[in-house]
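What follows is one structure encoded as structure tokens, with my remarks underneath.
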């Protein structure tokens with residue numbers, strides 16, 4: 001019969017075997033092979049690695065009119081790109097808190113995405129009818145599960161239902177809450193309770209993202225921080241809402257804003273995405289446009305100095321059996 005100390009040693013050894021199943025090299029290989037959700041802004045996708053990462057919580061933060069909802073709607077479309085073309089081929093759960101969702105806009109973006117996919121299949125000598133079988137503007141809308149949430153209780157109920165659907169094998173690869181901060185800030189007045197509920201929700205979302213390999217995207221507002229005024233008499237800072245404790249619970253933060261330049265036609269209508277927090281990339285800013293077709297690369301001047309008339313480019317990556325990468329441009 002074993003002694004208590006021997007049993008403790010066996011228990012500890014068992015825990016060690018369970019804990020250290022993977023090396024850093026294994027994790028690195030998995031990250032390299034992972035395909036993200038394309039934004040259709042080539043520069044932003046390349047900066048992020050391969051688009052919006054799966055298994056993580058990404059926050060889109062910015063003031064009204066900065067493109068947060070437009071980017072969310074674009075992701076609703078691009079997450080459905082077939083795997084044969086380097087996409088995820090998944091469904092979306094969209095939780096809307098302030099009626100920013102637009103089916104008309106998704107249909108516009110979906111139509112443009114379909115046209116691009118048809119061109120891409122032909123360029124690769126594929127059969128569009130085979131690769132895109134069943135993919136239509138209507139099917140794109142049908143693959144977006146919509147729910148309007150008005151309270152934090154609704155969020156908890158929605159997460160429980162999503163967990164059930166994922167356990168049943170639903171191909172939900174993207175969960176969006178737009179606007180997350182609108183709900184938290186307008187339904188909870190007590191600051192301590194707000195932090196508590198925020199952490200509870202994000203913890204549940206982390207578990208869903210990690211266990212089922214789906215991407216979670218939430219949108220956040222900005223607020224004015226007057227603490228710098230009291231300490232240094234400087235101008236107040238514009239910072240993400242919900243505070244530092246919230247920032248520690250998200251994996252990735254992208255700050256969005258609009259570039260105002262009335263004197264330079266090339267920069268009119270430009271937006272900027274700044275990677276504020278990321279597991280994969282340093283802080284960097286990328287310009288993009290919001291067009292009728294959706295999110296696109298910022299147009300660049302042609303070599304003769306005039307603005308290029310070429311449609312903005314986008315990219316997503318596919319892997320052949322040889323594991324080589326092929327970039328597709330829109």
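In the UniProt record's numbering, the protein residues as written are 1 to 330.
All C-beta atoms in this analysis are idealised placements derived from N, C-alpha and C, irrespective of residue type, glycine included.
Identify the residues that DSSP records as bridge partners of residue i: which are they?
| i | result |
| --- | --- |
| residue 259 | 270 |
| residue 277 | 253 |
| residue 93 | 145, 175 |
| residue 108 | Bridge partners of residue 108: none, in fact. |
| residue 61 | 220, 255 |
| residue 240 | 222 |
| residue 37 | 52 |
| residue 294 | 291 |
| residue 215 | 174 |
Using 10 angstroms around the beta-carbon of residue i, count the other beta-carbons present and answer buried if the total reaches 16, otherwise exposed.
| i | result |
| --- | --- |
| residue 186 | exposed |
| residue 32 | exposed |
| residue 18 | exposed |
| residue 96 | buried |
| residue 169 | exposed |
| residue 20 | exposed |
| residue 59 | buried |
| residue 65 | exposed |
| residue 236 | exposed |
| residue 306 | Unreliable positioning characterises residue 306 in this predicted model, as indicated by a pLDDT of 42, which lies under 50. The coordinate reading is nonetheless provided below. The residue is exposed, with fewer than 16 neighbouring Cβ atoms inside 10 Å. |
| residue 30 | exposed |
| residue 189 | exposed |
| residue 203 | exposed |
| residue 211 | exposed |
| residue 45 | buried |
Excluding the 5 residues flanking residue i on each side, which residues of the same chain have their C-beta closer than 6 Å to its C-beta?
| i | result |
| --- | --- |
| residue 276 | 253, 255 |
| residue 262 | Note that residue 262 scores 49 on pLDDT, short of 50, meaning its location in the model is unreliable and no value can be drawn from it. |
| residue 257 | 62, 66, 272 |
| residue 287 | 270, 272, 298 |
Might you give, ordered along the chain, the residues of its own chain that have their beta carbon closer than 7 Å to the beta carbon of residue i, omitting 5 neighbours on each side?
| i | result |
| --- | --- |
| residue 351 | Lying outside 1 to 330, the shown extent of the chain, residue 351 is not represented and no answer is given. |
| residue 148 | 96 |
| residue 83 | 89 |
List the whole-angstrom C-beta distance separating residue i from residue j, where the pair is believed to meet the contact cut-off of C-beta under 8 Å.
| i | j | result |
| --- | --- | --- |
| residue 162 | residue 93 | 6 Å |
| residue 218 | residue 37 | Going by Cβ atoms, the distance from residue 218 to residue 37 rounds to 14 Å, so no, they are not a contact pair. |
| residue 270 | residue 174 | In fact, because the Cβ distance is near 26 Å, the residues do not count as touching under 8 Å. |
| residue 209 | residue 55 | 5 Å |
| residue 113 | residue 69 | The Cβ separation is near 17 Å, so there is no contact. |
| residue 126 | residue 293 | That pair is no contact at about 22 Å. |
| residue 181 | residue 241 | 5 Å |
Output the boundary residues of the alpha helix (DSSP H) element that contains residue i.
| i | result |
| --- | --- |
| residue 285 | Element bounds for residue 285: not the alpha helix (DSSP H) but the beta strand (DSSP E), 284-291. |
| residue 193 | 191-212 |
| residue 155 | 152-167 |
| residue 186 | 180-187 |
| residue 131 | 128-131 |
Between which residues of its own chain and residue i is the CB-CB distance below 8 Å, once the five residues before and five after are set aside?
| i | result |
| --- | --- |
| residue 304 | Low confidence applies to residue 304: its pLDDT is 48, below 50, so where it sits in the model is not reliable enough to give any reading. |
| residue 107 | 137, 140, 141 |
In the DSSP assignment, find the beta strand (DSSP E) that holds residue i and state where it starts and stops.
| i | result |
| --- | --- |
| residue 88 | It is not in any beta strand (DSSP E) - residue 88 carries neither H nor E in the DSSP assignment. |
| residue 83 | Element bounds for residue 83: n/a, residue is neither H nor E. |
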